[in-house]
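With positions in the sequence shown counted from 1, the corresponding number in the working numbering is that position plus 13. Just so you know, even glycine gets a beta-carbon here, dropped at the ideal spot from N, CA and C.
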Amino acid sequence: MAKDERFDIVIIGGGPNGMTTAAYLAKSGLSVCLLEERTECGGACETQEPIPGVRIYPHAILMYASAAPGFEQLELWRYGFRMNWDPMDPTTDANTALTCTDGYRMISNKDMEGWAILGGMLGQPPFTKELLRATFWCPPHPPEVEVTDDNVPYMQVYKQHLPEVWTHELREKTMFDILDEYCETEHFKTTMAYAAWASGAAAHWEGVAIPAIACAQLLTLTNTGKTSYPRAGMHGYFHAIHRCAVHNGAVIRTSCPVDEILIDDGKAVGVRLRETAASGGKTIRANKAVIAACDVHQAFLKLVGPGHLDPAFIRNIKDISLKNQTLYVSQFFTKKPLQFNTKFKKYAEGRGAGPHLVPNGAVYPVDSREIYYADVADVDAFKTKPTIDPKYKMYFYAPSLAWDPTDCQGYHPKGHVSAPFEMVLTSPDYHIEGEDAPDKYKEENNAYMRKCYSYMFDGLDDDNIIHHWTASGREVELRNTGLIGGTWAGSRHCEDQLWGNRPCEGLERYRSPIDGLYHAHQTSGHPGGLCLMAIPYNLMHILIEDGVAEPGKWWYAAPEYIPQEGKISADPNKKSKI
Ligand SMILES: Cc1cc2nc3c(=O)[nH]c(=O)nc-3n(C[C@H](O)[C@H](O)[C@H](O)COP(=O)(O)OP(=O)(O)OC[C@H]3O[C@@H](n4cnc5c(N)ncnc54)[C@H](O)[C@@H]3O)c2cc1C
Numbered sequence: 014m015a016k017d018e019r020f021d022i023v024i025i026g027g028g029p030n031g032m033t034t035a036a037y038l039a040k041s042g043l044s045v046c047l048l049e050e051r052t053e054c055g056g057a058c059e060t061q062e063p064i065p066g067v068r069i070y071p072h073a074i075l076m077y078a079s080a081a082p083g084f085e086q087l088e089l090w091r092y093g094f095r096m097n098w099d100p101m102d103p104t105t106d107a108n109t110a111l112t113c114t115d116g117y118r119m120i121s122n123k124d125m126e127g128w129a130i131l132g133g134m135l136g137q138p139p140f141t142k143e144l145l146r147a148t149f150w151c152p153p154h155p156p157e158v159e160v161t162d163d164n165v166p167y168m169q170v171y172k173q174h175l176p177e178v179w180t181h182e183l184r185e186k187t188m189f190d191i192l193d194e195y196c197e198t199e200h201f202k203t204t205m206a207y208a209a210w211a212s213g214a215a216a217h218w219e220g221v222a223i224p225a226i227a228c229a230q231l232l233t234l235t236n237t238g239k240t241s242y243p244r245a246g247m248h249g250y251f252h253a254i255h256r257c258a259v260h261n262g263a264v265i266r267t268s269c270p271v272d273e274i275l276i277d278d279g280k281a282v283g284v285r286l287r288e289t290a291a292s293g294g295k296t297i298r299a300n301k302a303v304i305a306a307c308d309v310h311q312a313f314l315k316l317v318g319p320g321h322l323d324p325a326f327i328r329n330i331k332d333i334s335l336k337n338q339t340l341y342v343s344q345f346f347t348k349k350p351l352q353f354n355t356k357f358k359k360y361a362e363g364r365g366a367g368p369h370l371v372p373n374g375a376v377y378p379v380d381s382r383e384i385y386y387a388d389v390a391d392v393d394a395f396k397t398k399p400t401i402d403p404k405y406k407m408y409f410y411a412p413s414l415a416w417d418p419t420d421c422q423g424y425h426p427k428g429h430v431s432a433p434f435e436m437v438l439t440s441p442d443y444h445i446e447g448e449d450a451p452d453k454y455k456e457e458n459n460a461y462m463r464k465c466y467s468y469m470f471d472g473l474d475d476d477n478i479i480h481h482w483t484a485s486g487r488e489v490e491l492r493n494t495g496l497i498g499g500t501w502a503g504s505r506h507c508e509d510q511l512w513g514n515r516p517c518e519g520l521e522r523y524r525s526p527i528d529g530l531y532h533a534h535q536t537s538g539h540p541g542g543l544c545l546m547a548i549p550y551n552l553m554h555i556l557i558e559d560g561v562a563e564p565g566k567w568w569y570a571a572p573e574y575i576p577q578e579g580k581i582s583a584d585p586n587k588k589s590k591i
């Protein structure tokens, strides 16, 4: 019988969080084995080829990571990472206009100035990067530290760089409250609110005003206002991390679903692969740690199993909702490219991209927050197929040919691949008719979406469309098995997830009740669940504290990080109280 394999670290899941963790730990000199269930790594950062030669991005499109320390620490430029630095000029007239039901409306100087103040762009020097890092790329404070207005990381950044913005209320308000103070027009506020809601921290939730604003800020390249779009798409970005992990010695295995986390005397000591895995039923041992980079329910309710966990902890895990809205992504393969319709012709002159002036990204329709609230009520309260008049249903259309001409989504000899359109609909799990309802209504929903998009674009008629692809939660056509309940935000960023209180007891700071078992997935994000490279960077602090990792001189800790008493400090300049 073959001997079990041994590595220092075993990682379950090859999505962005698992792979980035693998890269960090392999670069720290540890032997790492990453196991991915599917035939390809990448999780929700994937490119698909639904018909030969036509490639589309079914999920992630813009990069929520531009402020991440990982770019420097993992030296991603050495592994082929390239940014599209000039996808659009944010200062042209068309780009300071927003799309409403009656045409486009300009944003005001007060909007731009207020947004720039809140985002740290007018600081001397600008401090956007520091603000975003403090919001997402910083581990939660240790349990013994009381969280106050003074030590919440983003509050520290405001206090240092812009004391006049720092108030106690900043931690209690909604994003709309703050936008009403600093900005002017409804259409600007509604656009940013929708960007935040679709990104995970909604504009109407109390207590997450700054994380919600930061979510919208993440869509742009730090300090430029330009959309944050990597060359070769999000899978291209992912490839750079994958290459970094492999270059530093990580072993990556695909078609290897994990079925069990092995526990010995209260400590995670390895994993057992599913019988159907490429190396069926095999055991892989971990000398130092097992890292679950798959969803929190699967990790603790299935892979660990109840025998090893306290019933109260299991109850808490069950209480973590993985359900939220679902971002339905639509992409069109058409004979002629989609065009802005007459109402938006002038807008298109400055905003259309490429030789066909195809749509460049924005949100529609953003007349007022009433439209936003109606959309929220439809998705989060009525929980059925859309009931809103299609004229008023909100959506994103991503920057299509904002990307490089060599991009795989560029022109195709037999047609045109559209920008992805993204619309928020009720998650299958919450649908009042049951989780199969979105499949049942797929064609109806698709037709509804085409109607909504037609209020802005020509070319969505049957004669012109060759294919309409949708990724709709549990719907199977472009299903990503790594997605959680069809939602991309994973779990709601609510009071118990961001700086106020902590997530469920036992899961603080990416640790778990099982020694040597850590968690690194968007569903346990605290903070920064969907923020690329945030969890792995934050987790590194904890692995250093626990003596698992000892990175080299390339490592630096978050400035606002507080070491845990009795642990090794992840910042050589800050002593823990041992
Ligand atoms: C529709 C949509 C749009 C998005 N848009 C953007 C965007 O524009 N910009 C952006 O930055 N982010 C975006 N995101 C979010 C981003 O894709 C996620 O934050 C990111 O994928 C989370 O990575 P993860 O590793 O935590 O999880 P996942 O990507 O879900 O990866 C988990 C991996 O674990 C594997 N796995 C699960 N169980 C097992 C098992 N038992 N054994 C082995 N492997 C297992 C899965 O197959 C999967 O590959 C979007 C997501 C979605 C769904």
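Reduced DSSP secondary structure (H/G/I, E/B, other) of TYR408: Counting from one through the sequence shown, the residue named residue 408 turns up at place 395. In the displayed model, TYR408 falls within a strand according to three-state DSSP.
Leaving out five residues before and five after TYR574 in sequence, what residues of the same chain have Cβ atoms less than 8 Å from its Cβ?
-> Position 561 of the sequence shown holds residue 574. Contacts found: CYS151, PRO152, HIS554, ALA583, ASP584, LYS587.
For this session: Quick one: using the 10 Å Cβ neighbour count with 16 as the cut-off for buried, is ASP124 buried or exposed?
Result: Position 111 of the sequence shown holds residue 124. Per the 10 Å Cβ criterion, buried.
Q: Could you check what DSSP says for GLN577 in three-state terms: helix, strand or coil?
A: The count along the sequence shown starts at 1 and reaches residue 577 at position 564. Three-state result, GLN577: coil.
Just the C-alpha distance for SER41 and ASP388, rounded to the nearest angstrom, thanks. Taking the first residue of the sequence shown as position 1, residue 41 is located at position 28. Taking the first residue of the sequence shown as position 1, residue 388 is located at position 375. Between SER41 and ASP388, the C-alpha separation is close to 46 Å.
| said: Rounding to the nearest angstrom, what Cα-Cα distance links THR198 and LEU144 in this structure? | reply: Residue numbering aside, residue 198 sits at position 185 when the sequence shown is read from its first letter. Residue numbering aside, residue 144 sits at position 131 when the sequence shown is read from its first letter. Straight-line Cα distance between these residues: approximately 24 Å.
**Message:** Could you check whether the Cβ of ALA216 sits closer than 7 Å to any heavy atom belonging to ligand 1?
**Reply:** As a first step, residue 216 is located in the sequence shown; it is residue number 203 there, counting from the start. False, no ligand heavy atom lies under 7 Å from that Cβ.
Practice item. Say yes only if the C-beta of ASN551 is nearer than 7 Å to one or more non-hydrogen atoms of ligand 1, and no if none qualify. Key: In the sequence shown, the residue the question calls residue 551 occupies position 538. False, no ligand heavy atom lies under 7 Å from that Cβ.
Checklist entry - Residues in its own chain within less than 7 Å of HIS506 by CB, not counting five upstream and five downstream? => result Sequence index remark: in the sequence shown, residue 506 carries index 493 (1-based). Here HIS506 scores only 49 on pLDDT, less than 50, and its place in the model should not be relied on; the value that follows carries that caveat. Closer than 7 Å at the Cβ level, and outside the excluded window around HIS506, lie GLY213, ALA214, VAL221, PRO224.
Notebook entry, point to check: DSSP beta-bridge partners for ILE265?
Noted result: The sequence position of residue 265 within the sequence shown is 252, counting from 1. The partner list for ILE265 (beta bridge, DSSP) reads LEU47.
Beta carbon of TYR574: closer than 7 Å to some heavy atom of ligand 1? The residue given as residue 574 occupies position 561 in the sequence shown. TYR574: no, Cβ never under 7 Å from ligand 1.
Please state if the CB of PRO403 and the CB of CYS307 are separated by a distance shorter than 8 Å.
Stepping through the sequence shown from its first residue, residue 307 is reached at position 294. Stepping through the sequence shown from its first residue, residue 403 is reached at position 390. In this structure, PRO403 does not lie closer than 8 Å to CYS307 by Cβ.
*Give me whichever residues DSSP pairs with VAL67 in a beta bridge.*
Numbered from 1 along the sequence shown, position 54 holds the residue referred to as residue 67. According to DSSP, which records beta bridges pairwise, VAL67 is partnered with ILE64.
field: Distance CB(LEU43)-CB(ALA562) smaller than 8 Å
entry: Here residue 43 corresponds to residue number 30 of the sequence shown, with the count starting at 1. Here residue 562 corresponds to residue number 549 of the sequence shown, with the count starting at 1. It is a contact, given that the beta carbons lie within the stated cut-off.
- So which of LEU556, TYR468, ILE581, ARG522 has the shortest CA-CA distance to THR114? Here residue 114 refers to the residue found at position 101 of the sequence shown. Closest option to THR114, Cα to Cα, is TYR468.
Runs of 4 residues minimum, wholly inside the region 155-189: which ones carry the alpha helix (DSSP H) assignment? 166-174
Discussion item. Distance cutoff 8 Å, beta carbons only. Does TYR360 sit that close to anything in chain D?
Written reply: In summary, chain D is missing from the structure at hand, where a single protein chain is found.
Report task. Please confirm whether LYS280 and ILE22 have their CB atoms less than 8 Å apart. Result -> Numbered from its first residue, the sequence shown carries residue 280 at position 267. Numbered from its first residue, the sequence shown carries residue 22 at position 9. Cβ distance not < 8 Å, so LYS280 and ILE22 don't count as in contact.
Note to self: With H, G and I counted as helix, E and B as strand and the rest as coil, what does DSSP make of ILE327?
What the structure shows: To locate residue 327, count along the sequence shown from 1; it is residue 314. Residue state, collapsed to three classes: helix.
**Prompt:** Excluding five sequence neighbours on each side, which residues of the same chain lie with their C-beta closer than 7 Å to the C-beta of TYR195?
**Reply:** If you number the sequence shown from 1, residue 195 lands on position 182. These residues qualify, in order along the chain: GLY127, ILE130, LEU131.
What three-state label does DSSP hand ASN468 in the structure shown? Looking up residue 468 in the sequence shown gives position 455. The residue asked about is misnamed: residue 468 is Tyr in this sequence, not Asn. If DSSP states are grouped into helix, strand and coil, TYR468 belongs with coil.
*Which residues in the same chain as CYS257 place their Cβ atom closer than 6 Å to its Cβ, once the five residues preceding and following it in sequence are excluded?*
On the sequence shown, position 244 is the one that residue 257 refers to. Counting only Cβ-Cβ distances below 6 Å, and skipping sequence neighbours, we find ALA36, LEU87, TYR92.
Q: Using three-state DSSP, classify ASP452 as helix, strand or coil.
A: For the purposes of this step, residue 452 is taken as the residue at position 439 of the sequence shown. Helix, per DSSP.
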